Structures are given as C-alpha cells and as structure tokens.
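Trainee: Residue numbers (the numbering used here), protein chains in the order written: chain W, 432 to 571; chain R, 646 to 944.
Even glycine gets a Cβ: it sits at the ideal position worked out from N, Cα and C.
Bear in mind the structure is a predicted one, so any value in this text is a computation, not a measurement.
Here you go, one structure.
Here it is as structure tokens:
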C-alpha cells in the first residue's frame, strides 16, 4: 500500500507519525500512574483518570484479534468499499480498532501478524490524498 | 413496612414501521393517549413525565404533551442511546419508589433515518475513516462469540427466526412475516458474519406506559420487579460501547452483564424464573449475548 508522503493529509492530526524512511507509528498515550496504554492519546487516562499521560509511539506490528469487512459505505465515508475492519492486539497490551487492508475476511486468520501502514481514503478539495492508518497482513 | 412497589397502570403503542408525513410528535401523541385511556387517567392524572428518544430533537417529550394540552408537570427528556426508553422508565419508577409521585407517564418516541445508523457519537474523522459503521462493531462481537463459545452462524439465524415469529401475531410490529433460517442466511452479507436480516431495522414508532404506586388490590397487575441501567467500564474493546482501543484483558464485564446481574439481584429472580421479559431490539449478537436487562413479572 502507499507509504506516507508530505503531500498527504492525515484524517486527523495526532493519530500517527510517518518518518522520512516511510516507517510509521500510531501515537498512543501511556499513563504514568497505572502504566496502561491507550489510543488515541487523551489528556486523562481512560482507565484510572490520572492526568499524567505522555505520548508514546506504539509498536508497528501486532496480531489479528477480530475482523470483518464493511460492504456498504457507512455515513460520512467517501472512500471505496468493501474495506476491512477489525481489532489488532499490540505488544503494549492494547487492542486497537482499525481498518484492515485485506477486504476479504476468508483470507485472514486469528493471531496472524499484522503491520501498520498508511492508506489513502479519498482526495480533499485541493486534490491531496487524505490518509489514515490501517493494518495489513505481513507476507510470510 | 414493605418497600413501595411500582406497577403498570396502562400501556399504549403506535405501530412500528415507516410513516411518511407523520411527525415523531404525532407518533408520541397516539401512544400516550392510548396509555392514559387504559389507565383511566387524564390531565392531572400523573405528576411527572419522562420521554426517551435519541433522534427526536430538542424537548421532544414536551412537544408531545403540549399537543395534548397536558404540560405543567415536570417533563424530563432522556437520552441514553439504545437504552433511552429504559432510562426514562427507570427514572420514573425510582421517583415513585422514592415517594415523589403517585403516577408518572413514560414514553419513548423515535423516527430513525434509513440505512446504517448515523450518530453524533462518532467524531467526523471517524466517519471519514470508515470507523463509524455500527454493524461492523457488532460483527466483530459476533465473530468473537462464535470463536469463543461454539455459537454458530445457524444459531444467529435462528435468533432472527424466533424474533420474526414474535412479530407475526403483533399488529404493532414492523416485520410480521415468518422466515426460515435459510432465508436469513440468504440475505445480503453486510459485515461478515452478519447478514442484513440479523441487523435491527431502523424504523419509527412510539410506546407509552403509565406507572403508579401499587396499592392493595384483588386485580392482577404487572409490577416492575427491577429496572436498572449500567454504563460500560473502560478497557473492554468489544463490549456494547464502540471505543477506539481497549486493554488485553478479558475479565472486564460488558454493561449488559452488569445490568442483568443487578436486575436479577434486585428482583430476587434468575433467568429460569422469567416468564415475561423485555429487551432492546438490537442486532442479533447483542441479543444473543444479553441476558434481559429489565424483567417484568406478572403476578
């Protein structure tokens, strides 16, 4: 899939970073009090209510926990269908709701390794690609 | 001294379906009027009103009683997503138990837009990224349920068969035709493993009940044995909530489990005792995983 480029527009600022070499990370929050991670980062820890959250890049790879495919465009969505949708478990002990780059559910299996990538959704008014995060199966 | 019991004095319902040209206020008026008629009450017969709705708009409950010339009492407009109607009933029942009122009017009114539910719950970027398709969250829960419990696709289809059969004899139901499991499985795949007929159909309708403090009577009445509400705990990525992330921890109970446990404790009943129950008309996995969150017992 596409790698991030400076011309791309993130669907929302603060969700992910893309380095010059194309590597990317989701930006999570880690609570200094309870030590738990969450995504996206919030000012207050969703688990213990402490205001001691720092931003941390999350692991690029994880394992597939649950998945499906969305076959009809949901409200407010201007991209293509079908697209994959699921939950990926990261080593930081969190499960992230995410797009899945494989839209055919039968080609996926529980527990397989998934890697973060940045994918195009549609173009904005100036013709620039609007991009978001997705996890795709790692070729083995 | 025994605790105050709450009973249902009257019910009213506007059929559920699609009613072009009829406002949500008009649906509510029909249901409220019928419930008051069955209770034998009129203007001044109740001391408070509680209206549950998610899409009804500002002061939707006020507009219903305004149309009936019955304003003046406190009117509470209640929104709690799919639990809005239950939340209204809980507030009314608790107020009667607390001795605030002898009778209270409860009504739920709705006119859902067609198609996949659009909800202001989701921020615009989540819609734009395709992460606001509510059926997809139910699909993930269904897949997990099937993986962990031995529930099969055929089981999910048979829940639909049972629900549709319940509608056959109910003149207020939207879907009144009996279907087979094969029919259900042949309907369009919306989000694997969920088929179109496994999802709730957004629709329109209204229902109302008059609640009152129970008094000694030889007449059999329907009593509210328990009515409880719980919200989600943080960290469960596949509970009824639709968060962006959660913890790798399978011990965090879903709100349905919390509510059902509390309701059974309050009522002193268990699943095997229930002879009549209400539940939301949510999607199949929600219903399958749910134990009834509100039970009513006929005495």
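1) Could you pull the start and end residues of the alpha helix (DSSP H) that residue 798 (chain R) belongs to?
2) Over the uninterrupted beta strand (DSSP E) stretch that includes residue 759 (chain R), give me the two end residues.
3) Does the distance from the CB of residue 790 (chain R) to the CB of residue 853 (chain R) come in under 9 Å?
4) Quick check on residue 698 (chain R) - is its C-beta less than 9 Å from some C-beta in chain W?
5) Are the CB atoms of residue 520 (chain W) and residue 893 (chain R) within a distance shorter than 9 Å?
6) In chain R, what lies closer than 8 Å to residue 540 (chain W) by C-beta?
7) Residues of chain R with a CB under 7 Å from the CB of residue 499 (chain W): which are they?
8) Checking contacts by CB at 9 Å: is residue 777 (chain R) closer than that to chain C?
9) Kindly give me the distance between the Cβ atoms of residue 569 (chain W) and residue 544 (chain W), rounded to whole angstroms, as I take these residues to be in contact under 8 Å.
10) Kindly say whether residue 927 (chain R), judged by its beta-carbon, lies nearer than 9 Å to any beta-carbon of chain W.
11) Residue 882 (chain R): which of W:487, W:514, W:457, W:524 sits nearest, CA to CA?
12) How is the alpha helix (DSSP H) around residue 680 (chain R) delimited, first residue to last?
13) Can you find the residues in the same chain that come closer than 7 Å, C-beta to C-beta, to residue 757 (chain R), ignoring five residues on each side of it along the sequence?
14) Contact between the stretch 478-496 of chain W and the stretch 738-755 of chain R is defined here as three or more beta-carbon pairs at a separation below 8 Å; is this criterion met?
15) Closest by CA to residue 783 (chain R), which one among R:885, R:776, R:725?
16) Measuring alpha carbon to alpha carbon, tell me which residue in W:559, W:567, W:548, W:555 is nearest residue 452 (chain W).
17) Spatial neighbours of residue 688 (chain R) within its chain, please: CB distance less than 7 Å, with the 5 preceding and 5 following residues excluded, ordered by chain position.
18) Kindly indicate the opening and closing residues of the beta strand (DSSP E) around residue 565 (chain W).
19) Taking residue 773 (chain R) as the query, report the chain W residues whose CB atoms sit under 9 Å from its CB, ordered along the chain.
20) Residues in the same chain with beta-carbon distance under 8 Å from residue 709 (chain R), minus the five sequence neighbours each way, listed in chain order, please.
21) Give the C-beta separation of residue 738 (chain R) and residue 651 (chain R) to the nearest angstrom, bearing in mind that I take them to be a contact with Cβ-Cβ under 8 Å.
22) For the stretch 798-810 of chain R against the stretch 528-535 of chain W, do three or more pairs of beta-carbon atoms, one drawn from each stretch, fall closer than 8 Å, so that the two count as touching?
23) Starting from the beta carbon of residue 846 (chain R), find every residue of chain W whose beta carbon is closer than 9 Å, and list them in chain order.
24) Could you pull the DSSP bridge partners for residue 468 (chain W) from this structure?
25) Compile a chain-ordered list of the residues in the stretch 878-899 of chain R whose CB is closer than 9 Å to at least one CB of chain W.
26) Are the beta-carbon atoms belonging to residue 509 (chain W) and residue 456 (chain W) less than 9 Å from one another?
27) Using DSSP's beta-bridge definition, name the partner residues of residue 456 (chain W).
28) If you reduce the DSSP assignment to three classes, tell me which class residue 746 (chain R) lands in.
29) Give, in chain order, every unbroken run of the beta strand (DSSP E) that is at least 3 residues long and sits entirely within the stretch 875-909 of chain R.
30) Going along the chain, which residues of its own chain have a beta-carbon closer than 7 Å to the beta-carbon of residue 546 (chain W), five neighbours each way excluded?
31) Buried or exposed, going by whether 16 or more other CB atoms sit within 10 Å of the CB of residue 851 (chain R)?
32) Return the chain-ordered list of same chain residues with a C-beta closer than 8 Å to the C-beta of residue 483 (chain W), the five sequence neighbours on each side being excluded.
33) Taking CB distances under 9 Å as the criterion, tell me whether residue 767 (chain R) reaches chain W.
34) Would residue 740 (chain R) and residue 693 (chain R) qualify as a contact pair, given that the criterion is a beta-carbon distance under 9 Å?
Mentor: Taking the coordinates as given:
1) The residue labelled residue 798 (chain R) in the question sits at position 153 within the second chain. Looking at the DSSP string, the run of the alpha helix (DSSP H) that includes residue 798 (chain R) is 798-813.
2) In the second chain, the residue the question calls residue 759 (chain R) occupies position 114. Unbroken run through residue 759 (chain R): none, as it is neither H nor E.
3) Position 145 of the second chain, counting from 1, holds the residue named residue 790 (chain R). Position 208 of the second chain, counting from 1, holds the residue named residue 853 (chain R). Result no, Cβ atoms of residue 790 (chain R) and residue 853 (chain R) do not sit closer than 9 Å.
4) Looking up residue 698 (chain R) in the second chain gives position 53. Using a CB distance cut-off of 9 Å, residue 698 (chain R) does not count as an interface residue toward chain W.
5) As a position in the second chain, residue 893 (chain R) is number 248, starting the count at 1. As a position in the first chain, residue 520 (chain W) is number 89, starting the count at 1. For residue 893 (chain R) and residue 520 (chain W), yes; Cβs fall inside 9 Å.
6) Residue 540 (chain W) sits at position 109 when you count from the first residue of the first chain. Neighbours of residue 540 (chain W) on chain R: none; closest Cβ ~11 Å, over 8 Å.
7) Here residue 499 (chain W) refers to the residue found at position 68 when the first chain is read from its first residue. Residues of chain R passing the Cβ test: 781, 784, 785, 788, 836, 837.
8) No chain C appears in the structure shown, which is made up of the protein chains W and R.
9) In the first chain, the residue the question calls residue 569 (chain W) occupies position 138. In the first chain, the residue the question calls residue 544 (chain W) occupies position 113. That belief holds up - the Cβ atoms of residue 569 (chain W) and residue 544 (chain W) are roughly 4 Å apart, short of 8 Å.
10) Against the second chain, residue 927 (chain R) aligns to sequence position 282. Reliability of the predicted coordinates at residue 927 (chain R) is poor, the pLDDT of 44 falling under 50, and the value obtained from them is presented with this limitation in mind. Output row for residue 927 (chain R): interface = no.
11) Your numbering for residue 882 (chain R) matches position 237 in the second chain. Selection W:487, W:514, W:457, W:524 evaluated against residue 882 (chain R) yields W:524 as nearest (Cα-Cα).
12) Taking the second chain and counting its residues from 1, one reaches residue 680 (chain R) at position 35. Its alpha helix (DSSP H) spans residues 669-684.
13) For this step, residue 757 (chain R) is matched to residue 112 along the second chain. Contacts found: 700, 847, 848, 849.
14) Because the criterion of three Cβ pairs below 8 Å is not met, the stretch 478-496 of chain W and the stretch 738-755 of chain R do not touch.
15) As a first step, residue 783 (chain R) is located in the second chain; it is residue number 138 there, counting from the start. Ranking the options by Cα distance to residue 783 (chain R), first place goes to R:885.
16) Within the first chain, the letter at position 21 stands for residue 452 (chain W). Nearest of W:559, W:567, W:548, W:555 to residue 452 (chain W), Cα basis: W:548.
17) Locating residue 688 (chain R) in the second chain gives position 43, where the first residue counts as 1. Closer than 7 Å at the Cβ level, and outside the excluded window around residue 688 (chain R), lie 714, 715.
18) As a working mapping, residue 565 (chain W) is identified with position 134 in the first chain. It spans 560-568 - the beta strand (DSSP E) in which residue 565 (chain W) sits, taken as one unbroken run.
19) Here residue 773 (chain R) corresponds to residue number 128 of the second chain, with the count starting at 1. Residues of chain W with a Cβ closer than 9 Å to the Cβ of residue 773 (chain R) are, in chain order, 442, 443, 507, 508, 509, 510, 552, 553, 561, 563.
20) Translated into positions along the second chain, residue 709 (chain R) becomes position 64. If the five residues before and after residue 709 (chain R) are omitted, its C-beta is found closer than 8 Å to the C-beta atoms of 670, 673, 674, 677, 696, 752, 754, all from its own chain and listed in chain order.
21) In the second chain, residue 738 (chain R) corresponds to position 93, counting from 1. In the second chain, residue 651 (chain R) corresponds to position 6, counting from 1. Indeed they touch by this definition, with Cβ atoms about 5 Å apart.
22) Short answer: they don't touch.
23) Locating residue 846 (chain R) in the second chain gives position 201, counting from the first residue. Those within 9 Å of residue 846 (chain R) in chain W number zero; the least Cβ separation is about 15 Å.
24) Here residue 468 (chain W) corresponds to residue number 37 of the first chain, with the count starting at 1. Under DSSP, the beta-bridge partners assigned to residue 468 (chain W) are W:461.
25) Cβ contacts with chain W come from 879, 880, 882, 883, 887, 888, 889, 890, 891, 892, 893, 894.
26) Within the first chain, the letter at position 78 stands for residue 509 (chain W). Within the first chain, the letter at position 25 stands for residue 456 (chain W). A distance of 9 Å or more separates the beta carbons of residue 509 (chain W) and residue 456 (chain W).
27) As a position in the first chain, residue 456 (chain W) is number 25, starting the count at 1. W:448.
28) Sequence index remark: in the second chain, residue 746 (chain R) carries index 101 (1-based). DSSP, read as helix, strand or coil, puts residue 746 (chain R) in coil.
29) Qualifying beta strand (DSSP E) stretches, in chain order: 890-892.
30) In the first chain, residue 546 (chain W) corresponds to position 115, counting from 1. So the qualifying residues of the chain are 491, 492, 566, 567, 569.
31) Numbered from 1 along the second chain, position 206 holds the residue referred to as residue 851 (chain R). Of the residues assessed, residue 851 (chain R) falls on the buried side of the cut-off, its CB having 16 or more other CB atoms within 10 angstroms.
32) Counting from 1 along the first chain, the entry for residue 483 (chain W) is found at position 52. Residues of the same chain with a CB within less than 8 Å of the CB of residue 483 (chain W), apart from the 5 flanking positions on each side, are 462, 463, 464, 476 in chain order.
33) On the second chain, position 122 is the one that residue 767 (chain R) refers to. When Cβ-Cβ separations below 9 Å define contact, residue 767 (chain R) makes contact with chain W.
34) For the purposes of this step, residue 740 (chain R) is identified with residue 95 of the second chain, where counting begins at 1. For the purposes of this step, residue 693 (chain R) is identified with residue 48 of the second chain, where counting begins at 1. Between residue 740 (chain R) and residue 693 (chain R), the CB-CB gap stays under 9 Å.
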